[in-house]
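Taking it in order: structure first as C-alpha cells, then the write-up.
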Amino acid sequence: MFTNNRFLGVTCMFVVALFVAVAVGGSGQSQEVRPYQPFPILTGKWMLDTGEIITISQEPGGKITGLFTPSVVCLNNSTRSILFTGKLKVDAQNVGTTTIEGDDFWACTRTPAMVTECGVQEVFRTKFRGTVSSSSITLESLRPHYDFEMVGGRRTNCRRNASKDEYGAPVTLTPLCRPSTPWFDRGSAPCQNLKTPEIIVDSLLASVRVCGSVVYSYRFTDSDQLTFQSFGTELAAHVKRQIGGIVCCDQFQQPAPRGGCDPRSDFDCDGLNNEVDTIPWPHNPAIPLPDMNIFSIPVGAQVAPFPEGLNSDDPGFLPMSSGCDCKWQLIQGVLNCGTGGQGHSYVATWKCPTSGRTMTTTKNAAASAPCP
Ligand SMILES: [Ca+2]
C-alpha cells in the first residue's frame, strides 16, 4: 500500500441539496424534475480578452460584481477599479441560458479628443447586457453617441444624441482560476473543528452532510428499494475517495470573502452549484453521484492514476490553500515503480494559476506495495 495516508481523489463536489427528484412510471427508472435552474456560480478570478484580471463575487440572490484586480488606467487620468455590477436572470426563452443586464458598467472613453474637446468623462457608467455560464461571460455595453461639428480640426458644439446610442463590440471573460477551498486543508492549518462527512441513507433519501449543511441529496422511489440499499455503500466509498475523511468546519462555516466561494452552495468551488455538480453512478447512470474535487487538473495535463492506498487526507500531498489565491492545479503526476528492492514514489507537480508558482510533493511507498 502507498503509505498509511489516504489520498484524495481528483474529483469534486457538489451538492444536490435542493433539487427535487421524482420517480415516474413503474419501471424503476427515475427522472429528475427540477423546478428551477440554479444560476451558474461565477465567483473567482477571470481574465478579460484584453488581459486584465477581474475578480467576480456573487451574492446568493444572483447579484454579481466584477472588480479589476488590480485597478487599470483608463486613458490618462482615470483608473477603473470596477467593471460591472448587475443581476443574473434565467432566460425564459432559452432553457439553460443565463443572462445579465443592468445600468452599472464602467467603460473607458476610447477617443482622447472626446475628453478634451467634448468634455466627456474618461470613465463613464453605462447600461450593459450579456450572457453568462461557468466557463464564459460575454458582455456588451451601450456606447453613448455625441453629435458635433469639426471646425479647424476640433470637435465643437458637442451634443448627446441618445437616439444613436449603440451597443459596442462585446468583451469576453474566461475563468482564470477557481477560488481556494481551505476547508480541505490538511496538516498545519489550525482547525478546532474537524469533522467527517456524514453519509445519510434513510427513508429512500440519500444525502451527504458536511459541517451541518447538506451538500448532496437524491431521493429514490419505492420501486428502487434494492438499488437504494446498494447505493448507500457506494456513496460512502465514493465520498471517501473524492474528499477523504475530514473537513475543517472552522473554514467551511466562515462567511465567504469577496471573491471567495461559499461551500454550502458550491462545495468544491468549481463554479457548478452543488445541485447540479454530479456524475453518473456507473452501476445505474440515471442516478447521480456528487462530483467533488479538492484540486483541479488542467486540460492536457499528464497525470498518472493515483495508486491504491494513496490517501486523500495525507497532509503532505496537497499544498495548503494559503499558498495560492486560487485552487491549486495538478499539472503533472508521475508514478515511479521501484525495481530491485527499491521503493515506489508518486511525484505530483502543482501550479498556482495566478502567481505561476509551482511546487512538487512526493509520496513514497515500500517496495512490497503493489505498483501500479
Ligand atoms: Ca461545485
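Start counting the sequence shown at 841; every next residue gets the next number (the working numbering).
Don't be surprised by glycine CBs; every beta carbon is placed ideally from N, CA and C.
DSSP state of residue i mapped onto helix, strand, coil
i, result
"residue 892", "coil"
"residue 1019", "coil"
"residue 948", "strand"
"residue 1013", "strand"
"residue 1002", "helix"
"residue 974", "coil"
"residue 1213", "Any question about residue 1213 goes unanswered here, given that the chain covers just 841 to 1212."
"residue 925", "strand"
"residue 939", "strand"
"residue 964", "strand"
"residue 879", "coil"
"residue 908", "strand"
"residue 988", "strand"
"residue 1212", "coil"
Cβ pair residue i, residue j closer than 9 Å
i, j, result
"residue 803", "residue 973", "This structure cannot speak to residue 803, because the chain is shown only from 841 to 1212."
"residue 959", "residue 981", "no"
"residue 1112", "residue 1131", "yes"
"residue 1164", "residue 1185", "no"
"residue 937", "residue 978", "no"
"residue 1101", "residue 1031", "no"
"residue 949", "residue 963", "yes"
"residue 1136", "residue 1170", "yes"
"residue 965", "residue 947", "yes"
"residue 1173", "residue 1206", "no"
"residue 975", "residue 1014", "yes"
"residue 1044", "residue 1065", "yes"
"residue 1039", "residue 1079", "yes"
"residue 1053", "residue 1018", "no"
"residue 1056", "residue 1124", "no"
DSSP bridge partner residues for residue i (one or two, in chain order)
i, result
"residue 916", "Paired residues: none, contrary to the question."
"residue 887", "893 and 1014"
"residue 1160", "Residue 1160 pairs with nothing; no bridge assigned."
"residue 1174", "1187"
"residue 955", "BP columns for residue 955 are empty, so no partner."
"residue 1038", "1049"
"residue 1130", "1118"
"residue 983", "1006"
"residue 903", "927"
"residue 996", "989"
Test: residue i CB closer than 9 Å to a CB of chain B
i, result
"residue 1043", "In summary, chain B is missing from the structure at hand, where a single protein chain is found."
CB-CB length for residue i against residue j, believed under 8 Å
i, j, result
"residue 895", "residue 903", "Actually they are not in contact, since the Cβ atoms of residue 895 and residue 903 sit about 15 Å apart, beyond 8 Å."
"residue 994", "residue 957", "5 Å"
"residue 1133", "residue 1108", "5 Å"
"residue 1189", "residue 1202", "Their Cβ separation, rounded to whole angstroms, is 10 Å, which puts residue 1189 and residue 1202 out of contact at 8 Å."
"residue 892", "residue 913", "Incorrect: roughly 11 Å between the Cβ atoms, too far for contact."
"residue 983", "residue 1006", "6 Å"
"residue 1023", "residue 1091", "4 Å"
"residue 1211", "residue 1177", "4 Å"
- Any chance you could list the beta strand (DSSP E) runs of at least 3 consecutive residues sitting entirely within the region 1059-1127, in chain order? 1118-1121
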